[in-house]
Amino acid sequence: MTSVFSAEGKNIPCTVIEAGPCVVTQVRTVENDGYAAVQLAYDETTEKHASAPLMGHFKKAGTTPKKKLVEFEADFAGELKLGDTITVTDVIGDDVKFVDVVGTSKGKGFQGVVHRHHFQGVGGKTHGQHNRLRHPGSMGASSWPSRVFPGMRMAGHMGNERVKVFNLQVVKVIPENNLIVVKGSVPGAKGSYVIVEA
106 MTSVFSAEGK NIPCTVIEAG PCVVTQVRTV ENDGYAAVQL AYDETTEKHA SAPLMGHFKK
166 AGTTPKKKLV EFEADFAGEL KLGDTITVTD VIGDDVKFVD VVGTSKGKGF QGVVHRHHFQ
226 GVGGKTHGQH NRLRHPGSMG ASSWPSRVFP GMRMAGHMGN ERVKVFNLQV VKVIPENNLI
286 VVKGSVPGAK GSYVIVEA
């Protein structure tokens, strides 16, 4: 993340997203595939790190090997063809003020209820509770139903989930570098892949 100053002099926390150039590597049609979609490839890699089937896929589109392939379902017939390059200006126009960003959140591993669900623990250290400060407490089950109900908030795996952040304000677009500067944070660690929906 970084920050920029607004026209009023306010310091705005921002995230810089590199959004292109993306190459069209496949155009799916209802006649051939049963649905309409377009496949975009992003982020250069070497031939050594691409499998033989993918190398044929990229050569058919007339592009170099890429790391990331994403498919977007929509009817782009007549608008896009194999090998076309999409830049940030093709998606983010002057009329686009807000975008949604989809990504994979940072993985936190196995976490307890205090960190995962913001529990406050089981009271103070007195009354014989010297070792239960961060424990979950009662699960609410007795001789009936003699089980824990599904969906009970408990300790477990946290993070590494698909997250969508809505209505992030577009602060600036830098077309020469294919950069979008949005207000606030986006899911994932530095350098991770995200999908920007305008």
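Take 106 as the starting number for the sequence shown in our numbering and just add one per residue.
For each residue, glycine too, the CB sits at the ideal point set by N, CA and C.
Tell me, which residues are paired with residue i by DSSP?
i	result
I122	I285
I279	L284
K171	E149
Q131	Q144
S108	P118
E176	Q144
K371	The first residue shown for the chain is 106 and the last is 303, placing residue 371 beyond what the model contains.
S247	P250
G228	Per DSSP, none; premise fails for G228.
Q274	F203
G212	G264
List the endpoints of the continuous alpha helix (DSSP H) containing residue i.
i	result
H222	V218 to H222
V196	V193 to V196
P158	A157 to A166
Below 7 Å CB to CB, which residues in the same chain sit around residue i once its five sequence neighbours on both sides are set aside?
i	result
S210	G264, N265, E266, V268, P292 and G293
V148	Looking at the sequence itself, residue 148 is Asp, so the reference to Val does not match. These residues qualify, in order along the chain: K171, K172 and K173.
Q274	K202, F203, V287 and K288
F110	N116
I'd like to know whether the C-beta atoms of residue i and residue j end up nearer to each other than 9 Å.
i	j	result
E302	V204	yes
A144	E184	It should be pointed out that residue 144 corresponds to Gln in this sequence rather than to Ala. The answer is no: Cβ separation not under 9 Å.
F181	V132	yes
A146	L284	no
I117	S108	yes
G217	P241	yes
S290	V270	yes
V207	V299	yes
Within the continuous beta strand (DSSP E) that includes residue i, where are the two ends?
i	result
L185	Here L185 belongs to no beta strand (DSSP E), and DSSP marks it neither H nor E.
G261	G261 to G264
V299	V299 to E302
Within the same chain, show all residues whose beta-carbon is closer than 6 Å to that of residue i, passing over the 5 residues directly before and after it, in chain order.
i	result
A166	T130, L187 and G188
Please return the same chain residues whose Cβ sits closer than 8 Å to the Cβ of residue i, not counting the five positions on each side in sequence.
i	result
Q234	V227 and G228
V219	Q225, G226 and R239
M257	M244 and G245
Nearest chain D C-beta to residue i closer than 9 Å, yes or no?
i	result
D148	The displayed structure is made up of one protein chain only, and chain D is not part of it.
Contact between the stretch 192-201 and the stretch 151-167 (3+ Cβ pairs under 8 Å): no
Three CB pairs or more closer than 8 Å across the stretch 229-240 and the stretch 177-192: no
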